[in-house]
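Those protein sequences? They're chains G and R, same order as listed. Just so we're aligned, residue 1 is where the first sequence starts under our numbering, counting upward by one. Just so we're aligned, residue 1001 is where the second sequence starts under our numbering, counting upward by one.
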Amino acid sequence: MAQGEVNEVDEIIVIGGSAGSLEVLLQLLPQLKSDFNIPIVIVLHRRQGGDSPLVELLSTKTKIKVKEAEEKEIIESGSIYIVPADYHLLFEKDGSFSLDASEKVNYSRPSIDVVFSAAADVYASSVIGILLSGANADGTKGFEDIKENGGVTIAQKPETAEISYMPENAINNDVVDMVLTTDEIAAYLNEL
Amino acid sequence: MEISVSEEELELLLKDVYEVHGYDFGSYSKASLHRRVNRLIMLDKFPSFAEFRFRVRNDTSYLKRFVEEITVNVTEMFRDPSFYLALRQEVIPAIATKPFIRVWHAGCSTGEEVYSMGILLKEANLLHKTLIYATDINPDVIEKAAKGIFPLSLMKQYSENYIASGGKSEFSSYYTAKYDRVVFNEELRKKMIFATHNLVSDSSFNEFQLILCRNVLIYFDKDLQHKVFNLFDQSLEHLGFLALGSKETLKFSTVISKFKQLDKLKIWRKVK
Chain G
1 MAQGEVNEVD EIIVIGGSAG SLEVLLQLLP QLKSDFNIPI VIVLHRRQGG
51 DSPLVELLST KTKIKVKEAE EKEIIESGSI YIVPADYHLL FEKDGSFSLD
101 ASEKVNYSRP SIDVVFSAAA DVYASSVIGI LLSGANADGT KGFEDIKENG
151 GVTIAQKPET AEISYMPENA INNDVVDMVL TTDEIAAYLN EL
Chain R
1001 MEISVSEEEL ELLLKDVYEV HGYDFGSYSK ASLHRRVNRL IMLDKFPSFA
1051 EFRFRVRNDT SYLKRFVEEI TVNVTEMFRD PSFYLALRQE VIPAIATKPF
1101 IRVWHAGCST GEEVYSMGIL LKEANLLHKT LIYATDINPD VIEKAAKGIF
1151 PLSLMKQYSE NYIASGGKSE FSSYYTAKYD RVVFNEELRK KMIFATHNLV
1201 SDSSFNEFQL ILCRNVLIYF DKDLQHKVFN LFDQSLEHLG FLALGSKETL
1251 KFSTVISKFK QLDKLKIWRK VK
């Protein structure tokens, strides 16, 4: 696939959140360095239907480019991608996204597990997974796959989560490397 | 222990499926295939990839299940109601004047969207002069679609979708409930032709005023997407319409210069 100087991405950060996670992102994104280079993929559970203004909202909080992940789009460094509502997101070996409208997983589409596992499959030890507030068990299986492939898993400190079930579930299943507050997550990422 | 097939194993499997059974999945999205294969191995509790591969190679009846599970068959009636509202308002009036209307649903799965289209045409008083061709790669889902039988439990959701799509009738007037299932009216079904058609290998078979292919192309790689867009172009009449899924686009295809997109919609009109 030698196609000239495509800006090849070899690392990726995947962030999953459900109820109570939007506030965390609104705090986290402004703290990231404006030249933060590793692509970030954000998968949030949302109520079905209707285009939520998530991209617009998050764009106001950071200088990094925020956009919805598009079908077969090549992933670029220095970008934040939002997984569209009602689709799962997968990663191709050529560095592009694929969307998938198959069965819900953990009652969710997009599912955090699907995105995390797909990232682990392609980016192996170069994945950092971050799991935020939520009332769902989604993300734990994905963390297991990230860890199995040598990546890093970070759970939001349950005491600081509006709904602690989701990060707690991952912690209880022993698939979490670090338990951090929002500020600590920002500091960790800025030092990568 | 969970099984995750390697890239090489996936290639071997796809080669078998093509050489032994003639289904070519070589241009499907690898990420999706990989996930679907792992999922099927888990669902059917195969102890190893080798045993799975053996079964796919040698058991023709299992191959049917393989094709049905590897392809995605998630669908619903009036999926994205706003899309159906746009069909009612923008597309149907434009094709209404034709003496005879031909519609093609490519990748129709179990037919929910085909019956939705039938209801739209019926309500526009056009069904009597319409034929809807509904095709899918998968013979089993085509068989289900042709029967027009769906679970009663889904009708509440479908009825809400129908109303959101601009439907003004009683949704339940379109079907007869029998125990936990419903059968859609013969009047709709007799205007539908269900057949297998493989977008990878089969060619154009008619000229249409409207082609719908929603959430199918996302499972194809770029080359196959281009090929299918060409096939649709060849199969559309001048001023015919092409409708895609909410995250699919004709924008990067080689035929885009012949098409004009309807404002903010995933519907393109062939203007050249």
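Note that the Cβ used here is the ideal one computed from N, Cα and C, for glycine as well. No experiment lies behind these values; they were computed from the predicted model shown.
- The alpha-carbon of R/Val-1091 is positioned some 13 Å away from that of R/Leu-1126.
- Note on geometry: alpha-carbon atoms of G/Asp-113 and G/Pro-167 lie some 13 Å from one another.
- Inclusion of G/His-45 and G/Ser-133 in the CB contact set at 8 Å is not warranted, their separation being larger than that value.
- Below the 7 Å Cβ cutoff, chain R contributes Ala-1031 as neighbours of G/Phe-91, in chain order.
- Among the residues of the region 1115-1146 of chain R, none has a Cβ less than 7 Å away from any Cβ of chain G.
- Of all residues in the region 94-112 of chain G, those with a C-beta nearer than 8 Å to a C-beta of chain R are Ser-98, Leu-99, Asp-100, Ala-101, Ser-102 and Glu-103, reading in chain order.
- Using a C-beta cut-off of 8 Å, the region 1097-1109 of chain R makes no contact with the region 1160-1178 of chain R, since fewer than three inter-stretch Cβ pairs fall below that distance.
- No Cβ of chain R is located within less than 8 Å of the beta carbon of G/Pro-39.
- Listed as beta-bridge partners of R/Ile-1132 by DSSP are R/Val-1103 and R/Met-1192.
- Where G/Glu-68 is concerned, the enclosing beta strand (DSSP E) starts and stops at 65-68.
- Contact check between the region 1145-1160 of chain R and the region 1062-1070 of chain R: fewer than three CB pairs, one atom from each, fall below 8 Å, which does not count as touching.
- Residue-level contact check: R/Lys-1015 does not touch chain G, since none of the beta carbons of chain G fall below 8 Å from its beta carbon.
- Contact between R/Leu-1239 and R/Arg-1269 is confirmed by a C-beta separation of about 6 Å, below the 8 Å threshold.
- With contacts defined as CB atoms closer than 8 Å, G/Lys-93 and G/Ser-79 fail to qualify as a contacting pair.
- Take G/Thr-182, set aside five residues on each side of it, and the residues of its chain with a beta-carbon closer than 6 Å to its own are Val-24, Gln-27 and Leu-28, in chain order.
- Contacts between R/His-1034 and chain G, judged by CB atoms closer than 8 Å, involve Asp-121 in chain order.
- Taking C-alpha positions only, G/Pro-39 is separated from G/Thr-62 by approximately 14 Å.
- Note that the C-beta distance between G/Ile-171 and G/Ala-186 is not below 8 Å.
- Per the C-alpha coordinates, the member of R/Gly-1107, R/Ile-1256 and R/Lys-1247 positioned closest to R/His-1226 is R/Ile-1256.
- Under the three-state reduction of DSSP, R/Pro-1093 is assigned to helix.
- Interface flag for R/Asn-1215 against chain G is set, since a Cβ pair is found closer than 8 Å.
- Pairing G/Ser-98 with R/Ser-1116 gives a Cβ-Cβ distance that is not under 8 Å.
- Interface flag for G/Pro-84 against chain R is set, since a Cβ pair is found closer than 8 Å.
- At a cut-off of 8 Å, the C-beta of R/Lys-1227 has no neighbouring C-beta in chain G.
- Here the C-alpha atom of R/Asn-1058 lies approximately 10 Å from the C-alpha atom of R/Val-1017.
- At a Cβ-Cβ threshold of 8 Å, G/Tyr-87 and G/Ala-101 count as neighbours.
- Positions of the alpha helix (DSSP H) runs, each at least 4 residues long and wholly inside the region 22-102 of chain G, are given as 22-28 and 54-59 in order along the chain.
- Positions of the alpha helix (DSSP H) runs, each at least 4 residues long and wholly inside the region 130-163 of chain G, are given as 140-148 in order along the chain.
- Here the C-alpha atom of G/Leu-180 lies approximately 44 Å from the C-alpha atom of R/Phe-1078.
- For the region 64-81 of chain G, the beta-carbon criterion of a distance under 8 Å to any beta-carbon of chain R is satisfied by Glu-70, Glu-71 and Lys-72.
- Judged by DSSP in its simplified three-state form, R/Arg-1065 adopts helix.
- For R/Ile-1142, the uninterrupted alpha helix (DSSP H) run begins and ends at 1139-1147, by DSSP.
- Neighbours of G/Ala-118 in chain R, taken as residues at a C-beta separation under 9 Å, are given in chain order as Ala-1031, His-1034 and Arg-1035.
- The closest CA to that of R/Ile-1132, considering only R/Ala-1094, R/Asp-1140, R/Arg-1102 and R/Lys-1122, is found on R/Arg-1102.
- Closest by C-alpha distance to R/Thr-1110, out of R/Lys-1015, R/Arg-1055 and R/Ala-1134, is R/Ala-1134.
- A Cβ-Cβ contact shorter than 8 Å links R/Glu-1248 with R/Lys-1266.
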